[in-house]
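*Asks:* A single structure is presented below for examination.
2 protein chains.
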Amino acid sequence: MRSRVESVCAAIGPLDQAAMEAARARQPQLTKPWGSLGRLEDLAEQIAGITRTPIPRLGARTIITCAGDHGVVEEGISMFGPETTPAMVLNFLAGGAGINVLARLAGAEVLVLDVGVAADLPEHPHLIHRKVARGTNNLSRGPAMTRDQAWAAIAAGIDAAEMAIDAGATLLGTGDMGIGNTTPSSAMVAALTGEPVARVTGRGTGIDDAMLARKIAVIERALAINQPDPAHPIDVVAKVGGLEIAAIAGVCLAGAARRVPVVVDGFISSAGALLAYRLAPAVQPYLIAGHASVEIGQRVVLRELGLQPLISLDLRLGEGTGAALAFLIVEAACRILAEMNTWEGAAVAGPLVADRPSEDARSA
Amino acid sequence: MRSRVESVCAAIGPLDQAAMEAARARQPQLTKPWGSLGRLEDLAEQIAGITRTPIPRLGARTIITCAGDHGVVEEGISMFGPETTPAMVLNFLAGGAGINVLARLAGAEVLVLDVGVAADLPEHPHLIHRKVARGTNNLSRGPAMTRDQAWAAIAAGIDAAEMAIDAGATLLGTGDMGIGNTTPSSAMVAALTGEPVARVTGRGTGIDDAMLARKIAVIERALAINQPDPAHPIDVVAKVGGLEIAAIAGVCLAGAARRVPVVVDGFISSAGALLAYRLAPAVQPYLIAGHASVEIGQRVVLRELGLQPLISLDLRLGEGTGAALAFLIVEAACRILAEMNTWEGAAVAGPLVADRPSEDARSA
Chain A
4 MRSRVESVCA AIGPLDQAAM EAARARQPQL TKPWGSLGRL EDLAEQIAGI TRTPIPRLGA
64 RTIITCAGDH GVVEEGISMF GPETTPAMVL NFLAGGAGIN VLARLAGAEV LVLDVGVAAD
124 LPEHPHLIHR KVARGTNNLS RGPAMTRDQA WAAIAAGIDA AEMAIDAGAT LLGTGDMGIG
184 NTTPSSAMVA ALTGEPVARV TGRGTGIDDA MLARKIAVIE RALAINQPDP AHPIDVVAKV
244 GGLEIAAIAG VCLAGAARRV PVVVDGFISS AGALLAYRLA PAVQPYLIAG HASVEIGQRV
304 VLRELGLQPL ISLDLRLGEG TGAALAFLIV EAACRILAEM NTWEGAAVAG PLVADRPSED
364 ARSA
Chain B
4 MRSRVESVCA AIGPLDQAAM EAARARQPQL TKPWGSLGRL EDLAEQIAGI TRTPIPRLGA
64 RTIITCAGDH GVVEEGISMF GPETTPAMVL NFLAGGAGIN VLARLAGAEV LVLDVGVAAD
124 LPEHPHLIHR KVARGTNNLS RGPAMTRDQA WAAIAAGIDA AEMAIDAGAT LLGTGDMGIG
184 NTTPSSAMVA ALTGEPVARV TGRGTGIDDA MLARKIAVIE RALAINQPDP AHPIDVVAKV
244 GGLEIAAIAG VCLAGAARRV PVVVDGFISS AGALLAYRLA PAVQPYLIAG HASVEIGQRV
304 VLRELGLQPL ISLDLRLGEG TGAALAFLIV EAACRILAEM NTWEGAAVAG PLVADRPSED
364 ARSA
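Residue numbers (the numbering used here), protein chains in the order written: chain A, 4 to 367; chain B, 4 to 367.
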């Protein structure tokens with residue numbers, strides 16, 4: 004499994020500069036003032052570079068919702084019991100969860116990857132069975148999993164992403180389901196960035212002050228007991244991470260290796276993206292931050308990754324919901340580049356002065 | 004015309020509290036943690052209150068792009084010449100402008116309202132002819148228009164919105180086209196709020212420092228010469244406003260009176276919304292701020308209106324582009340409320356503790 008992951012990491016190349024330049028050069032030809040569509044213009048350029056296409060168009064798109072359970076739930080750090088993880092997976096398969104609603108709106112398919120749910124799940128065309136373990140061990144009392152399990156979970160994410168791409172996906176989104184999974188996410192982010200636990204730990208599904216204090220103490224104990232080594236990301240995810248978080252890293256890596264843009268959902272997905280980035284920094288330009296989560300730890304990750312979220316609507320649901328909404332913005336960016344008239348084509352007079360205003364105007 | 008506008012203002016009622024409470028009460032029954040979809044939940048509640056429907060669904064939707072010209076362009080305050088206004092209207096009608104691309108993505112129709120373009124425009128099913136004047140007068144040398152013209156322009160916006168609603172629109176978006184129109188927008192906002200001109204004046208389509216300094220001086224001269232009375236909004240729009248800005252106010256008022264939500268686009272639209280608000284404060288809860296514009300004056304307006312934008316992507320194109328993108332968020336909010344499974348329906352165990360976490364968790 005490790006060699007599988009490492010070969011995918013090695014396959015990630017740089018963005019295509021020629022395609023990016025062509026996309027950038029087209030924007031001032033479109034019937035709008037220079038730079039007036041802001042981040043939509045940057046995004047179209049990024050997609051051009053990822054897909055090696057000067058005027059990219061999106062086809063099918065897939066949200067991969069990675070699911071797993073967490074032994075640490077026994078410490079009383081979540082509003083929900085572990086039985087909710089498999090029940091929500093069934094809800095995803097029935098099409099009734101938040102991610103289903105928003106994916107339908109964005110014209111996306113939802114694939115669920117079971118990489119660690121602590122229950123048996125049925126056969127279903129949208130469910131990929133790659134259970135590495137029936138949940139992790141309680142990370143506040145020892146390692147959450149073995150390193151082999153961590154590699155296997157990342158590989159499962161890679162395989163799920165490749166399956167989606169082989170089936171035609173031109174845009175991937177990450178998602179998560181796992182009761183208790185903000186706890187390993189915060190632990191991983193604290194370990195990988197060196198930030199104090201309290202600065203990267205939030206209220207998850209809505210715990211109160213007392214539970215938050217307990218959650219922070221649990222994570223601090225996990226770090227003290229396990230001593231994860233920030234120089235070895237696989238050590239960090241094995242000791243204090245989660246199976247679905249590892250799988251999300253795999254989705255990021257496979258998307259990048261196959262030149263398919265990956266929209267990263269909220270905090271848990273960002274922790275997975277950070278793991279991917281530490282394994283292969285070349286993954287960074289293939290990632291798009293879908294939304295700014297309410298979870299405070301996400302800010303730290305996005306700063307580390309150099310990503311700015313597309314949407315900020317105080318979401319904290321996970322599942323891929325923020326990524327699905329952001330798909331609409333990515334689609335808008337591509338359509339603008341492809342579908343707008345040019346000044347010449349529309350016979351509209353362009354700016355009086357110059358296509359490219361001076362630096363001070365551009366930085367306005 | 005004045006009585007027409009005043010009767011619409013008088014017809015605006017409060018939001019339906021019962022429908023809002025029903026919408027709010029449904030959110031914790033849906034298969035997600037309490038409050039986890041943030042502003043999407045607030046938005047669904049607002050739409051419920053506007054439409055008097057506990058579980059609102061959106062049908063047809065329309066962007067009304069109001070177009071007019073500005074005598075002040077002769078002062079050299081824009082990157083584009085006035086011939087671009089009618090040319091862009093033709094571009095809208097041909098479907099090749101930014102607003103067309105984003106409206107298509109959002110499943111919306113674009114109606115163009117000519118309330119003051121300084122050129123003859125053709126017959127077209129998507130163009131409403133209600134020219135009040137062939138552009139305004141140069142507001143830095145005297146009043147931009149008469150009060151009668153201002154009332155007529157607002158009435159034209161009302162009529163266009165009512166036409167769209169009669170044709171089935173369940174969601175309206177405002178938009179603008181008018182070379183030079185950030186200048187009257189800044190002038191109106193300065194006059195109505197008392198903010199210094201420099202704090203509400205930006206670079207429009209991308210002018211440089213020298214042009215920006217001239218633009219500020221032009222607006223200061225306009226205010227000094229015309230002495231608009233902030234206590235009389237119609238005096239402000241007549242002396243230093245624009246015909247399409249007045250029409251946008253009319254769209255806001257008519258949407259509110261007919262209980263149809265109105266998504267306000269960027270800076271010019273926000274200036275129009277502020278005019279509507281000063282004419283009829285009851286319009287406020289019917290408005291949704293589509294996006295945060297790059298234009299600095301918009302912040303001042305949104306603070307005054309108590310609105311928080313849904314999207315922030317550094318856009319400054321106008322036309323209704325930010326409103327069209329925001330339509331997708333409004334749609335998402337309504338679909339979540341209508342389409343998600345309930346805990347009971349999905350047979351998923353809800354939160355362990357309580358549906359409604361304590362205040363400290365909710366404000367997290």
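No residue lacks a Cβ here, since even glycine has one placed at the ideal position from N, Cα and C.
From the DSSP secondary-structure annotation, give me the bridge partner or partners of A/Gly-52.
*Replies:* None, per the DSSP bridge assignment.
*Asks:* By alpha-carbon positions, which one of B/Val-192, B/Gly-244, B/Ile-182 and B/Thr-186 ends up nearest to B/Arg-217?
*Replies:* Ranking B/Val-192, B/Gly-244, B/Ile-182 and B/Thr-186 by Cα distance to B/Arg-217 puts B/Thr-186 first.
*Asks:* Quick one: which chain B residues come within Cβ less than 9 angstroms of A/Leu-318?
*Replies:* The answer, in chain order, is Ser-39, Leu-40, Gly-41, Arg-42 and Leu-43.
*Asks:* If you reduce the DSSP assignment to three classes, tell me which class A/Ala-111 lands in.
*Replies:* Of the three classes helix, strand and coil, the one that applies to A/Ala-111 here is coil, per DSSP.
*Asks:* Name the residues in the segment 72 to 85 of chain A whose C-beta lies less than 9 angstroms from a C-beta of chain B; which are they?
*Replies:* Per Cβ criterion, the list reads Ser-81, Met-82, Phe-83 and Gly-84.
*Asks:* If you pair each beta-carbon of the segment 270 to 284 of chain A with each one of the segment 26 to 45 of chain A, do three or more pairs fall below 8 angstroms?
*Replies:* No contact exists between the segment 270 to 284 of chain A and the segment 26 to 45 of chain A.
*Asks:* Leaving out five residues before and five after B/Leu-40 in sequence, what residues of the same chain have Cβ atoms less than 7 angstroms from its Cβ?
*Replies:* Ile-339, listed in sequence order.
*Asks:* Buried or exposed for B/Pro-17, going by 16 or more other Cβ atoms inside 10 Å?
*Replies:* Exposed.
*Asks:* What's the C-alpha gap between B/Ser-361 and A/His-127?
*Replies:* With a pLDDT of 40 at B/Ser-361, under the threshold of 50, the modelled position of that residue is not reliable, and the figure given next carries that caveat. So the two alpha carbons sit approximately 38 angstroms from each other.
*Asks:* To the nearest angstrom, report how far apart B/Arg-42 and B/Arg-144 are at their CA atoms.
*Replies:* Whole-angstrom Cα-Cα distance: 45 angstroms.
*Asks:* Would you kindly check if the distance between the Cβ of B/Arg-262 and the Cβ of B/Thr-54 is under 8 angstroms?
*Replies:* Yes, the Cβ-Cβ distance between B/Thr-54 and B/Arg-262 is below 8 angstroms.
*Asks:* Please list the residues of the segment 47 to 67 of chain B that have a C-beta atom closer than 7 angstroms to any C-beta atom in chain A, keeping them in chain order.
*Replies:* Taking 7 angstroms as the Cβ-Cβ cut-off against chain A, none of the residues of the segment 47 to 67 of chain B qualify.
*Asks:* Have a look at B/Ile-248 and A/Ala-28 and give me their C-alpha separation to the nearest angstrom.
*Replies:* In a straight line, the C-alpha of B/Ile-248 is about 33 angstroms away from that of A/Ala-28.
*Asks:* Can you look up A/Ala-70 in the DSSP assignment and give me helix, strand or coil?
*Replies:* Here A/Ala-70 sits in strand by DSSP.
*Asks:* With 8 angstroms as the threshold, decide whether the Cβ of A/Ala-367 is near any Cβ in chain B.
*Replies:* Because A/Ala-367 sits at a pLDDT of 33, beneath the cut-off of 50, its placement in the model cannot be relied upon, and the following sentence gives the value as read from the coordinates. Yes - at least one Cβ of chain B is within 8 angstroms of the one on A/Ala-367.
*Asks:* For B/Gly-138, which option in B/Gln-152, B/Leu-130, B/Ile-210 and B/Arg-302 has the closest C-alpha, if you only look at C-alpha atoms?
*Replies:* Comparing Cα positions, the closest option is B/Gln-152.
*Asks:* Whole angstroms is fine: what's the gap from B/Met-180's alpha carbon to B/Leu-320's?
*Replies:* Rounded to whole angstroms, B/Met-180 to B/Leu-320 spans 9 angstroms at the Cα level.
*Asks:* Return the residue from the list A/Leu-142, A/Ala-329, A/Glu-86 and A/Ile-15 that minimises the CA-CA distance to A/Glu-78.
*Replies:* Of A/Leu-142, A/Ala-329, A/Glu-86 and A/Ile-15, the residue nearest in Cα terms is A/Leu-142.
*Asks:* Rounded to whole angstroms, what is the Cα-Cα separation between B/Val-266 and B/Gln-49?
*Replies:* For B/Val-266 and B/Gln-49, the distance between alpha carbons rounds to 12 angstroms.
*Asks:* Is it buried or exposed, A/Asp-232, if we count other Cβ atoms within 10 angstroms and call 16 or more buried?
*Replies:* It is exposed - the Cβ of A/Asp-232 has fewer than 16 other Cβ atoms within 10 Å.
*Asks:* If we ignore side chains and look at the alpha-carbon of each, how far apart do A/Glu-165 and A/Ala-158 end up?
*Replies:* For A/Glu-165 and A/Ala-158, the distance between alpha carbons rounds to 10 angstroms.
*Asks:* Determine contact between the segment 323 to 333 of chain B and the segment 290 to 309 of chain B, defined as no fewer than three beta-carbon pairs at a distance below 8 angstroms.
*Replies:* The segment 323 to 333 of chain B is in contact with the segment 290 to 309 of chain B.
*Asks:* Which bits of chain B does A/Gly-181 rub up against, with CB to CB less than 9 angstroms?
*Replies:* Under the 9 angstroms cutoff, chain B gives no residues; its nearest Cβ is about 13 angstroms from A/Gly-181.
*Asks:* Around the C-beta of B/Ala-70, are 16 or more other C-beta atoms found within 10 angstroms, so that it is buried, or is it exposed?
*Replies:* Result: buried.
*Asks:* Check distances from the C-beta atoms of the segment 100 to 116 of chain B to those of chain A and list, in chain order, the residues that come in under 7 angstroms.
*Replies:* Going along the segment 100 to 116 of chain B in chain order, one finds Ala-100, Gly-101, Val-104, Leu-105 and Leu-108 with a Cβ nearer than 7 angstroms to chain A.
*Asks:* In chain order, what residues of the same chain have a beta carbon less than 8 angstroms from the beta carbon of A/Ile-15, not counting five sequence neighbours either side?
*Replies:* Correct list, in chain order: Leu-256, Ala-259, Ala-260, Ala-283, Ala-285, Val-286 and Tyr-289.
*Asks:* Starting from A/Ala-63, follow its DSSP beta bridges and name the residues at the other end.
*Replies:* BP columns for A/Ala-63 point to A/Ala-172.
*Asks:* Taking C-alpha atoms, which residue in B/His-73, B/Val-203, B/Ser-6 and B/Arg-64 lies nearest to B/Ile-219?
*Replies:* That would be B/Val-203, whose Cα lies nearest to the Cα of B/Ile-219.
*Asks:* Determine the DSSP secondary structure at B/Asp-211, reduced to helix, strand or coil.
*Replies:* If DSSP states are grouped into helix, strand and coil, B/Asp-211 belongs with coil.
*Asks:* Give me, in chain order, the residues of the same chain whose beta-carbon lies closer than 7 angstroms to that of B/Glu-334; leave out the 5 immediate sequence neighbours on both sides.
*Replies:* For B/Glu-334, where only same-chain residues beyond five positions count, the Cβ hits under 7 angstroms are Leu-61.
*Asks:* Could you pull the DSSP bridge partners for A/Val-267 from this structure?
*Replies:* In the DSSP output, where bridge partners are listed per residue, A/Val-267 has A/Ala-292.
*Asks:* Compute the Euclidean distance between the alpha carbons of B/Arg-64 and B/Leu-174, then round it to the nearest angstrom.
*Replies:* Whole-angstrom Cα-Cα distance: 5 angstroms.
*Asks:* Can you tell me which of the three DSSP states B/Asp-123 falls into?
*Replies:* Residue state, collapsed to three classes: coil.
*Asks:* Could you tell me whether the Cβ atoms of B/Ser-188 and B/Val-200 are closer together than 8 angstroms?
*Replies:* No, they are not a contact pair.
*Asks:* With H, G and I counted as helix, E and B as strand and the rest as coil, what does DSSP make of B/Asp-179?
*Replies:* B/Asp-179: strand per DSSP, three-state reduction.
*Asks:* Quick one: list the residues of chain B neighbouring A/Lys-218, beta-carbon separation under 9 angstroms, in chain order.
*Replies:* Those do not exist, as A/Lys-218 stays about 12 angstroms from chain B at its closest Cβ, beyond 9 angstroms.
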